[in-house]
Structures are given as C-alpha cells and as structure tokens.
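Here is the structure we will look at.
In the numbering used here, the protein residues as written are 838 to 1456.
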C-alpha cells in the first residue's frame, strides 16, 4: 500500500547501523551529507530539523502552474496535455488518474505520514533534554501534520488505511485494508485535538503549525463529515455510483445522527472563532465602501496591512529562494505582459459575483448586460482581471501599444488612415504579444498576484503566502452548521460580518434561499483557495456545477460615430461595447460529470501492491 516501504525502512536501518566487522577508521567514517537515525533523536536541533522536513509534504500549497481551481467551475487551464481534462471530462481511471498535485497525491501523503509516525515514536522516548518543552511542541506539530495529510487523502479518496506506526524489516504483512470514513475522521479529529492541546499558548513561527491551525483543521473535517457526500444514505439517494457500492462505510457514515455531526462541526468552528487574536475587519457594523471592501479583501489575499491576521496556517515564500510558489504572476498573468495565462477564470464564476446592492447579476437585465463589470461585488475587482481593468505598467517592448495599462481581451476598432480596422486586444490569443499564451475565457486571475509595479511577473518572484487555513473559513463553516441546524439568525450574523468587510449589504434570506446565498458567498470569498472542488462534491451539486460546459466572453468595441482612436484604450465615451457569452470550444475542453468522480480512483499500482484495498465506485 505504501510505495517502497521496504526500501525506505532499509535505508533508514542502514543509516543507523554502526559498522562492527572492521576496525578500519576509513570504513567507520560516516557520510558527510547524512546523519544517523540514532543521532537525530539524541539531539534537539536535529530532531527539530526532522520535523521541519515533514512540512515539505505541503509542497507549494496550491501555487503550482496547474491548479485545482481548473478542475472546477472557477477556472479553465489553458495549456493542453497536463492531465487536467482527464478529470474535468470524467476520464480518470486507476491506470490514468489525471493531474495530481503533490499535497494530495496518495504516495506522497503516505511518505509524509510515515515521517510523522517515525517522529512521534522517537519523541515518545527522546534522547535529549526537554528544554522549553520542545518535545511537546514537536509532537504537536507532527500530530497536526499527520492530521493534515490524512485529511487530504480522505477528501480525495474517502476512507483510507490508517497507518499509525512505522514498518520495519521483517514485518509479517505490509498490506493494510481501508478504514471506514468514520474511523478516519475520528483519527484526524483526535490528532487535531492532541495538537491543539500541545501547541496551546505557544508562539509559533509563521508557517509552522499552531493551536489555531489544529482547531481550524478539525472544524473543516467535521464540516465535511456532516455534509451530503459523507452521509451514506444521502449519497446513495443522489448518486447511482454510490447506490451500487457494496462498501458504503468507506465513503460515508452508515449510522449515527447528522444533526449530531452538525452540532460537532458548529462547536469546532466556534472554538476557532473564540481565538480572538485572529480575524481581520470582522467588527464592522455596516458595509465598507466599495474601494475599502476591495482593499480589505486584497490585504487578506496578499497577507499584509492587517489582512495576515486572517491566515491561520500558510506556506511562505521568499524570492531569494525562487520557488515555483512565487511565480503566480508568470503562471496566471496576461500574455500581453509576457505571462502564461495558465488558470483563467470562466464566465460562470464571473456571473456569480453579485451586484453591489446584493442582487444577482443577470444577462437578461439590459443594464447589467451593457456594462457587466460595473457595480459588482468589490471582491470581483480584487480577484479577476477583466477587459478594461487597470493593471501594472506594460513591459518596455509593449508600453507604446498600451500607455493606459489596461487589460485588453476584446476585439476593437481603431482608425487607420481614412478608415477603420479591427485589432485584437493585447491579452487575447490574437495578440501581437505572445499569442500562444492568451486566455481563451476572456479573463485572468488577479487574486494572489502582487500588484506592485516593481514586480515584473515575467522574471520576478513574489512573496505571497498560500493560505491553507483561514479564520474566515472557520466563520463560514460555523455559519453553514448554523444554517443546517436551523439557527439562521446566528448564521446571518457571521455571514454579514464577512460581507460588511467586503463592502456588501446584509443577507436577509431564510430557508433554502439562505443556504444558496451562503454557498455563493463561500464561492466568491474563498475563490482559488482549493475549496470549490471539495465543496461542490460534498454538497453533491457537482453535476450542475463542475459538470457544466465552460463559458467564455466575446467582447467587441466599435467606435462611436465621429470618434477617432489610433491607439486603443478602454473608453465608453469613444466606444460602444457589446458582450456575448459563448460556449467554450469543446476541442479545448469538453467537461462532463460522472458520479464516479465524487472520489478519485486509487491507482492501479497501489491496488496491485495491496490486495486488501477496495477500489472506489465507478472504476
């Protein structure tokens, strides 16, 4: 089940051996680039270094070139052949699972879980002085990381084998069956509780686990546990694949009360909210202005100017090290700035941002349709680069083509000689600047890209952290539990705290309308943070969300009568603009939903090496 477990054990065993068959000092010389296992657990700094190394399983967080957002109705991945469409088109299978990021890949998670188990076993009998309670701190970190890695496996695969010890050479059996969903969630919760207790009151360095992170992770997994997908009876009613599965306990609870599960989720989320040292701008009594709302939201996404208080656990980046996590501007930025347009927002996401007055955007409304980017939720402007949006200065070779520094994703008339010609925007796939990297959708990601003009995304790394856990997520989890428990006033109170910070009016809905508005609020607040993929599945709305055909925007700017423009810029006084929603080219991506995709397939290799595993339904 765990790849190369014998090899890993052998390497560790050899590293810890002392050569006794020869007295030659040369033979007894230890490698200069390795440390024996016995030395690690006899020295506090080395033990800390080992635990620090376990964090490497977090990789870049969600900041890779391919992002989980592009497996959802948030974005579309621009470049072919990366395995994204294997997932979005429902073609994943045990022999080809499609794209997988390191922080949710089966084998990588189990390698880190093994490291956690090794640390916990040795920290239980340390060979060094427990100065400043370092043993408890390191134990708390290892417990949190083990819980985090298991929660990743559970979110993607359902119940998985619980391995809470290291395997050495000579074990009678290395194969392990899958545990039930309930057993896995109980295990994760126990590790979170232990970690929170061990880390309580400790001032931890940024990027390291802390009490708040442990409590927030518990709140997340318990929120999942109470959701439709994790309740076997509900899942069977909503999915033919689940209805036919003979081992429902692997994917959900087969007994117990959902009300009790929601109560546990609510209590866990409230425990996070009671940590008053965290949270940003959630005490407003009325909506912020539109400008302040966008700024508040950007401060959280950029982790600065007080917004960093909302982030409970993150992956930090330093441009001196030049890791991929600092390349979001290059990976996702406009091609008219020499960037790669990787994960581009789709029209369905853009349409789900409300108007400033809290009403829904509608293409059937002539006012909305004629100016779709006017008077929208301030978080829209902080998250999406749209046609006409102001952005950074163009690079020197492009500056003369766009002195206004505006995003151009349409087709526009300009005057040429005595006539008019139509020119493609600089950020389209017909651009005069790197046309092969342009967005198909007509949009670009702005959130998580540093707007500092000194950061030229093409060749400069940024230092925006990836937010694994946020205080606001806990607030949303709390509101969701309250809605499901019928405590609507309390849910609205917390939802409106979040909306006021963003500059949006209060929610007044009740019943299912409140539930739907909550889900949309969560969608826009946590956009691009790897929540939508899990939320759409756990609510079991994937067929009508993740399975939708991608929509793009087609924009045309025509000169008003008597107007003359030689260098284009967005200007409604010179141009009439038309906006048309079009279905994305199915040759680029032809999305379809199959119920087997509620959980990923366990790879053929894992199934072959562990005959006790049971494959997920539909594969």
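Virtual Cβ for every residue (Gly too), placed ideally from N, Cα, C. Remember, predicted model here, so these are calculated numbers, not experimental data.
Does the beta-carbon distance from residue i to residue j come in below 8 Å?
i: residue 879; j: residue 965; result: yes
i: residue 805; j: residue 1121; result: Lying outside 838 to 1456, the shown extent of the chain, residue 805 is not represented and no answer is given.
i: residue 1046; j: residue 1088; result: no
i: residue 1283; j: residue 1221; result: yes
i: residue 1454; j: residue 1078; result: yes
i: residue 913; j: residue 1265; result: no
i: residue 1464; j: residue 1428; result: Not covered by the structure: residue 1464. The range shown for the chain is 838 to 1456.
i: residue 974; j: residue 938; result: no
i: residue 936; j: residue 1162; result: no
i: residue 1022; j: residue 991; result: yes
i: residue 1404; j: residue 1203; result: no
i: residue 1299; j: residue 1165; result: yes
i: residue 1343; j: residue 1331; result: no
i: residue 1315; j: residue 1103; result: yes
i: residue 915; j: residue 1179; result: yes
i: residue 1170; j: residue 1281; result: yes
i: residue 1367; j: residue 899; result: yes
Mind checking which residues open and close the beta strand (DSSP E) that includes residue i?
i: residue 1182; result: 1180-1182
i: residue 1304; result: 1303-1307
i: residue 1250; result: 1248-1253
i: residue 1393; result: 1388-1396
i: residue 1051; result: Where residue 1051 is concerned, there is no enclosing beta strand (DSSP E), although the alpha helix (DSSP H) it sits in stretches over 1048-1062.
i: residue 1211; result: Neither: residue 1211 is in no beta strand (DSSP E) and is coded neither H nor E.
i: residue 1261; result: 1256-1261
In whole angstroms, what is the alpha-carbon distance linking residue i and residue j?
i: residue 1004; j: residue 874; result: 15 Å
i: residue 1305; j: residue 1401; result: 50 Å
i: residue 1032; j: residue 1048; result: 7 Å
i: residue 1394; j: residue 1349; result: 41 Å
i: residue 1408; j: residue 1417; result: 19 Å
i: residue 1310; j: residue 1186; result: 19 Å
i: residue 1374; j: residue 1386; result: 17 Å
i: residue 1263; j: residue 1270; result: 6 Å
i: residue 1430; j: residue 1074; result: 17 Å
i: residue 1146; j: residue 1043; result: 11 Å
i: residue 786; j: residue 1260; result: Missing from the structure shown is residue 786; the chain here goes from 838 to 1456 and no further.
i: residue 903; j: residue 1177; result: 11 Å
i: residue 1192; j: residue 1029; result: 39 Å
i: residue 1219; j: residue 1377; result: 29 Å
i: residue 858; j: residue 868; result: Legend: pLDDT at residue 858 = 45, less than 50; position of this residue unreliable, value from coordinates given subsequently. For residue 858 and residue 868, the distance between alpha carbons rounds to 18 Å.
i: residue 1438; j: residue 908; result: 15 Å
i: residue 1295; j: residue 1167; result: 5 Å
i: residue 1380; j: residue 1329; result: 28 Å
i: residue 872; j: residue 1010; result: 29 Å
i: residue 1118; j: residue 1216; result: 15 Å
i: residue 1320; j: residue 884; result: 45 Å
i: residue 1197; j: residue 1388; result: 18 Å
i: residue 1286; j: residue 1131; result: 14 Å
i: residue 1392; j: residue 1208; result: 11 Å
i: residue 1369; j: residue 1297; result: 29 Å
Nearest by alpha-carbon distance to residue i: which of the options is it?
i: residue 942; options: 957, 953, 923 and 894; result: 894
i: residue 1173; options: 1314, 1124, 1229 and 1080; result: 1229
i: residue 1126; options: 1067, 1194, 1083 and 1188; result: 1194
i: residue 1268; options: 884, 967 and 1238; result: 1238
i: residue 896; options: 945, 1232, 920 and 926; result: 945
i: residue 1206; options: 890, 1390, 1177 and 996; result: 1390
i: residue 1443; options: 1241, 1025 and 1012; result: 1012
i: residue 984; options: 1059, 1008 and 927; result: 1059
i: residue 1224; options: 887, 1279 and 1232; result: 1279
i: residue 919; options: 1212, 1432, 1439 and 1425; result: 1425
i: residue 969; options: 927, 999 and 1035; result: 1035
i: residue 1363; options: 887, 881, 905 and 889; result: 905
Return yes when at least one heavy atom of the ligand FAD lies under 7 Å from the C-beta of residue i, else no.
i: residue 1261; result: By its list of ligands, the structure shown contains no ligand whatsoever, and the ligand FAD lies outside what it can speak to.
Along the chain, where does the alpha helix (DSSP H) containing residue i start, and where does it finish?
i: residue 1445; result: 1441-1446
i: residue 1352; result: 1348-1362
i: residue 874; result: 874-877
i: residue 1334; result: 1325-1339
i: residue 974; result: 971-994
i: residue 1027; result: 1018-1036
i: residue 1100; result: 1095-1110
| Just checking, does the region 1247-1258 make contact with the region 1125-1141 on the three C-beta pairs under 8 Å criterion? | no
| query | Is the number of C-beta pairs between the region 1275-1286 and the region 1149-1162 that are closer than 8 Å three or more? | reply | no
| Meets three-Cβ-pair contact criterion under 8 Å: the region 1102-1119 and the region 1050-1057 | yes
| message | Check whether the region 1008-1018 and the region 951-968 are in contact - that is, three or more C-beta pairs closer than 8 Å. | response | Contact check between the region 1008-1018 and the region 951-968: fewer than three CB pairs, one atom from each, fall below 8 Å, which does not count as touching.
| said: Using 8 Å as the cut-off, can you tell me whether the region 971-978 makes contact with the region 917-933, which would need three or more C-beta pairs spanning the two stretches below that distance? | reply: no
| query | Taking three-plus beta-carbon pairs below 8 Å as touching, is the region 1092-1101 in contact with the region 1281-1299? | reply | no
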